[in-house]
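J.: Below you'll find the structure I mean.
In this note's numbering, the protein residues as written are 11 to 468.
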């Protein structure tokens with residue numbers, strides 16, 4: 011067993027006493043993410059430089075101590091939870107935007123930069139960083155890279171991987187590796203995309219280069235109310251097949267709407283059982299044309315009403331309502347499992363109907379919301395964790411959901427990653443040879459298996 015007192019003393023010489031947490035009550039806040047799992051780390055560390063990270067990994071390697079890199083802890087699948095006495099390596103102090111290169115539309119940041127901070131800084135240069143997870147006011151860029159996060163705008167603009175152009179990361183031997191933008195020689199094998207979505211299991215990223223784009227011209231935002239979720243989901247497919255792409259196309263069912271309505275005021279028809287929020291961000295003329303076509307599609311599919319946000323405040327209130335969904339659902343019972351499946355656009359209505367029928371069958375509350383335009387739907391299982399019967403039915407429901415998703419040609423995770431929560435379901439998605447090759451790749455990067463071990467693969 012590791013001598014944590016000795017390790018802590020050594021690390022305090024590297025970081026200083028204030029940046030090493032060793033007492034149980036100090037470490038508690040770093041034992042969980044936005045899911046339901048908990049595991050208290052052996053030590054919590056707060057590096058401020060890449061040099062300090064190198065000294066930390068050298069110490070961890072010497073004592074054979076696992077390390078778990080951590081952003082803001084907003085993940086859903088346990089990727090940042092420090093299991094098996096791991097060290098929690100928090101990047102909240104490596105939070106500097108190092109450079110905005112406006113001429114070349116590139117941002118250089120440290121991993122602890124909060125997403126909204128980069129978005130706001132880019133706008134000062136009339137530039138735009140599109141990836142926009144619902145937790146954008148808390149989630150960090152490093153965490154977004156680790157999970158390849160999507161978000162509300164992923165339909166038109168893509169996910170984090172589409173903007174990641176380079177990294178500097180540290181191996182468990184203390185070596186600094188530069189990829190993509192930071193690699194002057196442009197290595198034949200670009201490791202940049204390999205790191206993206208690896209959930210902190212291959213290397214510790216200390217610097218990130220991101221592509222920026224021009225800021226959109228204008229915004230037009232619609233809210234469409236429907237009498238049932240299936241007709242709303244059908245409208246999603248019709249909109250996506252109409253020849254233009256909204257920047258955002260979000261879906262909320264009745265339970266999700268009612269949960270948020272308890273904390274955020276929003277004027278809705280009493281018969282509303284599903285809501286679409288649709289946004290366009292081209293020039294005003296194009297936005298108006300797209301909106302007219304979209305309104306026609308929604309009405310054809312039985313929409314009760316379609317409204318346009320009348321000003322910036324109304325638009326902001328609409329997005330605040332949508333972004334509050336996940337937190338609002340946690341108040342419905344003692345446990346919430348938020349699954350982030352993705353299906354082809356032609357299968358959106360089918361998966362919504364499947365979930366509705368399953369919820370009735372297993373007698374579990376299963377609200378649905380998410381990035382419907384991208385096929386990335388959040389299926390939530392809400393239940394009393396102290397009721398064994400409910401817990402078992404919810405777990406069986408998750409298994410049924412993933413089986414159906416794979417059958418439809420979809421993915422068991424659209425943006426939350428695998429982490430701890432989905433390990434046992436990964437064989438539904440990937441054949442054995444694929445999993446074996448990825449395990450071999452992990453061993454190449456981390457031969458001692460000290461970097462976020464026990465995640466992704468069983």
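Where is the CB? At the ideal position from N, CA and C, for every residue including glycine.
This structure is a prediction, so every number in the text was calculated from the model and none was measured.
How is residue 276 classed by DSSP in three states: helix, strand or coil?
T.: Residue state, collapsed to three classes: coil.
J.: Suppose the cutoff is 6 Å on Cβ atoms and the five residues either side in sequence are ignored; what does the same chain contact list for residue 335 look like?
T.: Around residue 335: 266, 270, 379.
J.: Could I get the ranges of all uninterrupted beta strand (DSSP E) runs contained in the stretch 56–135, with 3 residues as the minimum, in chain order?
T.: The qualifying runs are 77–80, 97–100, 107–111, 116–119.
J.: Is the beta carbon of residue 258 less than 8 Å from the beta carbon of residue 305?
T.: The answer is no: Cβ separation not under 8 Å.
J.: Got a sec, what are the start and stop residues for the alpha helix (DSSP H) residue 14 sits in?
T.: Its alpha helix (DSSP H) spans residues 14–25.
J.: What is the C-beta distance between residue 312 and residue 356, in whole angstroms, given that I count them as a contact (C-beta under 8 Å)?
T.: The pair is not a contact, with the Cβ atoms about 19 Å apart (cut-off 8 Å).
J.: Opposite residue 258 in the DSSP bridges: which residues?
T.: Partner(s): 289.
J.: Could you check what DSSP says for residue 149 in three-state terms: helix, strand or coil?
T.: It is coil, neither helix nor strand.
J.: Could you check which residue in 237, 188, 196, 225 has the C-alpha nearest to that of residue 218?
T.: Checked all of 237, 188, 196, 225; the closest Cα to residue 218 is 188.
J.: Evaluate residue 132 with the Cβ neighbour count: other Cβ atoms within 10 Å of its Cβ, from every protein chain shown; 16 or more gives buried, anything less gives exposed.
T.: That one is buried.
J.: Assuming residue 177 is part of the alpha helix (DSSP H), what are its boundary residues?
T.: Per DSSP, residue 177 belongs to no alpha helix (DSSP H); it is in the beta strand (DSSP E), 174–180.
J.: Is the beta carbon of residue 205 sitting closer than 8 Å to the one on residue 139?
T.: In this structure, residue 139 does not lie closer than 8 Å to residue 205 by Cβ.
J.: Run through DSSP, which three-state label would residue 391 get?
T.: Looking at residue 391 - three-state DSSP - the assignment turns out to be strand.
J.: Please report how far the alpha carbon of residue 153 lies from the alpha carbon of residue 124, in whole angstroms.
T.: For residue 153 and residue 124, the distance between alpha carbons rounds to 9 Å.
J.: Please work out which residues of its chain come closer than 8 Å, Cβ to Cβ, to residue 453, disregarding the five sequence neighbours upstream and downstream, and give them in chain order.
T.: Contacts found: 459.
J.: Taking three-plus beta-carbon pairs below 8 Å as touching, is the stretch 202–216 in contact with the stretch 154–164?
T.: In short, these stretches touch, since the Cβ pair count reaches three.
J.: Please report the distance separating the alpha-carbon of residue 277 from that of residue 250.
T.: Going by the C-alpha atoms only, they are around 27 Å apart.
J.: Could you pull the start and end residues of the alpha helix (DSSP H) that residue 436 belongs to?
T.: First-last of the alpha helix (DSSP H) with residue 436: 436–439.
J.: Measuring only the C-alpha atoms, how far is residue 81 from residue 310?
T.: About 45 Å.
J.: Secondary structure at residue 2, three-state DSSP: helix, strand or coil?
T.: In the structure as shown, the chain starts at 11 and stops at 468, and residue 2 therefore has no counterpart that could be examined.
J.: Let me check understanding here. Comparing Cα to Cα, which of 66, 102, 151 lies closest to residue 40?
T.: Comparing Cα positions, the closest option is 102.
J.: Pull the bridge partners of residue 317 from the DSSP assignment, please.
T.: Partner(s): 233.
J.: In terms of alpha-carbon separation, which member of 29, 416, 392, 352 lies closest to residue 426?
T.: Of the listed residues, the one whose Cα sits closest to residue 426 is 352.
J.: What number of angstroms, rounded off, separates the C-alpha of residue 345 from the C-alpha of residue 45?
T.: If you take the alpha carbons of residue 345 and residue 45, they lie about 9 Å apart.
J.: Three or more C-beta pairs under 8 Å: does that hold for the stretch 89–97 against the stretch 160–179?
T.: The stretch 89–97 vs the stretch 160–179: no contact.
J.: With DSSP as the reference, please indicate the residues paired to residue 138 in a beta bridge.
T.: According to DSSP, which records beta bridges pairwise, residue 138 is partnered with 223.
J.: When the Cα atoms are used, what is the spatial distance from residue 97 to residue 383?
T.: Cα-Cα distance, rounded: 39 Å.
J.: How many angstroms separate the CA atom of residue 299 from the CA atom of residue 229?
T.: Distance between the alpha carbons of residue 299 and residue 229: 13 Å.
J.: Considering only the alpha carbon of each residue, which of 147, 440, 392 lies closest to residue 513?
T.: The structure shown does not extend to residue 513, since the chain spans only 11 to 468, so no value can be given for it.
J.: Apart from the five residues just before and just after residue 408, which ones in its own chain have a Cβ nearer than 7 Å to its Cβ?
T.: So the qualifying residues of the chain are 347, 349, 391.
J.: Determine the DSSP secondary structure at residue 38, reduced to helix, strand or coil.
T.: In this structure, residue 38 counts as helix in the three-state DSSP scheme.
J.: Among the residues of its own chain, which have a CB less than 7 Å from the CB of residue 235, if the five just before and after it don't count?
T.: Closer than 7 Å at Cβ, skipping near neighbours: 278, 279, 282, 285, 313, 314, 315.
J.: Is it right to say residue 367 is buried, meaning 16 or more other beta carbons lie within 10 angstroms of its own, or is it exposed?
T.: With fewer than 16 other Cβ atoms within 10 Å, it is exposed.
J.: Using the Cβ count rule (16 or more neighbours within 10 Å means buried), how would you classify residue 464?
T.: Per the 10 Å Cβ criterion, buried.
J.: Please classify residue 199 as buried or exposed, where buried requires at least 16 neighbouring CB atoms within 10 angstroms.
T.: Classification of residue 199: exposed, given that the 10 Å Cβ count is below 16.
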